[in-house]
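Step one of this worksheet: look at the structure below.
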Amino acid sequence: FHVPVIGMETFGIGDGASLPSILMDRIWHLLLPSVLGATGGIAVLSRYVRSQMIEVEGQDYIRTARAKGLPPEQVHYKHALRNALLPFVTMFGLILPGLIGGSVIIESIFSWPGMGRMAYEAILARDYPVILTVNFVSAVLVLAGTFISDLLYLIVDPRIRL
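Quick note: the sequence shown uses this note's numbering, first residue 1007, plus one each step.
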């Protein structure tokens, strides 16, 4: 006996469907919520990188690289972007835990069960073990985001070593 959650399956996809069709159906229904959830984060990060690039473009070493006669692409990507990515990496690591908080709205709009919605309902029901679990998972995401940003620092800035 199987009762699908509303909004997660197309009408007619059921017990007789093949695995590839079920998989494609899930991917199809995940597409819009995923794009919607990523749009806000991408917008914030792109504005942040843009402001950092504008700030870095005025530095002395950029003027020196241009005066040496380097091609504009090399000045832009090798010198300016590499230094502008350092604050971006830090901010990227801190956005990871915000995925749970921002997912509450998306989960409510699309009627998807998820961690954000579960946390919201647990707070309303005063279900303390669930609230503590969600807080623990958020803390793990903060640690994972910090660890990932530290690893990305090794790639972006060659001066930093473990």
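For every residue, glycine included, the Cβ atom is placed at its ideal position computed from N, Cα and C. In this text, all values refer to a predicted model and were calculated from it rather than measured experimentally.
Test item: CB-CB of Ile-1137 and Ala-1128 under 7 Å:
yes
Own chain partners of Met-1055 with C-beta closer than 7 Å, once the 5 adjacent residues on each side are dropped:
Correcting the residue type first, residue 1055 is Val in the shown sequence and not Met. Only Ala-1090, Phe-1094 meet the Cβ criterion.
Taking only the alpha-carbon atoms, compute the straight-line gap between Ala-1073 and Asp-1066 and give it to the nearest angstrom.
The straight-line gap from Cα to Cα measures roughly 10 Å.
For Val-1110 versus Tyr-1126, is the C-beta distance shorter than 7 Å?
yes
Beta carbon of Ala-1086 nearer than 7 Å to that of Glu-1063:
Yes, these two residues count as a Cβ contact at 7 Å.
Sub-7 Å separation of Pro-1103 and Val-1148 beta-carbons:
yes
Closest Cα partner of Ser-1196 within the set Leu-1130, Met-1097, Leu-1105:
No information on residue 1196 is available, as it lies outside the stretch 1007 to 1168 that the chain covers here.
Is the beta carbon of Gly-1047 sitting closer than 7 Å to the one on Ile-1112?
No, the pair does not count as a contact, with Cβ atoms beyond the cut-off.
For a test of the three-state rule: what should DSSP assign to Lys-1074, helix, strand or coil?
coil
Between Ser-1024, Arg-1132, Ser-1027, Pro-1039, which has its C-alpha nearest Gly-1108's C-alpha?
Pro-1039
Glu-1079 to Thr-1152, Cα distance in whole Å?
31 Å
Is Val-1081 buried or exposed, if buried means 16 or more other CB atoms sit within 10 Å of its CB?
buried
Top-ranked residue by Cα proximity to His-1035, from Ala-1049, Asn-1141, Gly-1075, Trp-1118
Trp-1118
Applying the 10 Å Cβ sphere with the 16-neighbour rule, what's the burial state of Ala-1071?
buried
Leaving out five residues before and five after Pro-1077 in sequence, what residues of the same chain have Cβ atoms less than 6 Å from its Cβ?
none
Grab me the residues of Met-1124's own chain with a C-beta within less than 8 Å of its C-beta, minus the 5 sequence neighbours each way, in chain order.
Counting only residues of its own chain and dropping the five nearest sequence neighbours on each side, Met-1124 has a CB closer than 8 Å to the CB of Val-1136, Val-1140.
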